[in-house]
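Novice:
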Amino acid sequence: MAEIPQPPLPKRHDLQTSADLERVTDYAEEQEISTTDIENAISLVEGRYSEEKAAKLQRVEEMENPESHSRKKFNEEPQRETSGRL
Numbered sequence: 006m007a008e009i010p011q012p013p014l015p016k017r018h019d020l021q022t023s024a025d026l027e028r029v030t031d032y033a034e035e036q037e038i039s040t041t042d043i044e045n046a047i048s049l050v051e052g053r054y055s056e057e058k059a060a061k062l063q064r065v066e067e068m069e070n071p072e073s074h075s076r077k078k079f080n081e082e083p084q085r086e087t088s089g090r091l
């Protein structure tokens with residue numbers, strides 16, 4: 006007796022597995038940190054570090070030469086606002 010070949014049935018587990026895999030992949034892609042976000046964060050941190058370093062250097066210089074900085078402050082003329090009226 007020869008068996009009659011039956012058409013293959015759709016494999017539901019393969020379809021469901023591929024759908025689950027696609028959902029997981031989409032979620033992972035959404036959760037990834039983009040390179041531009043990383044670059045922006047790094048530049049922000051570097052900018053703050055540079056500002057803090059410059060302020061610290063200025064404080065150290067003031068501590069080493071307090072007289073030169075105080076003279077500079079007293080010798081500077083105050084800036085006057087100029088208005089359009091005479």
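Numbering of the sequence shown is given in our numbering, commencing with residue 6 and proceeding in unit increments. For every residue, glycine included, the Cβ atom is placed at its ideal position computed from N, Cα and C.
1. According to DSSP, simplified to helix, strand and coil, what is Pro-12?
2. Considering just the uninterrupted stretch of the alpha helix (DSSP H) at Ile-43, what are its terminal residues?
3. Return the CA-CA distance between Ala-46 and Glu-37, expressed in angstroms with no decimal places.
Specialist: Once the coordinates are examined:
1. What you label residue 12 is simply residue 7 of the sequence shown in a count that begins at 1. Coil, per DSSP.
2. On the sequence shown, residue 43 is found 38 positions in, with the first residue counted as 1. Note, Ile-43: alpha helix (DSSP H), 40 to 69.
3. Within the sequence shown, the letter at position 41 stands for residue 46. Within the sequence shown, the letter at position 32 stands for residue 37. Approximately 15 angstroms between the Cα atoms of the pair.
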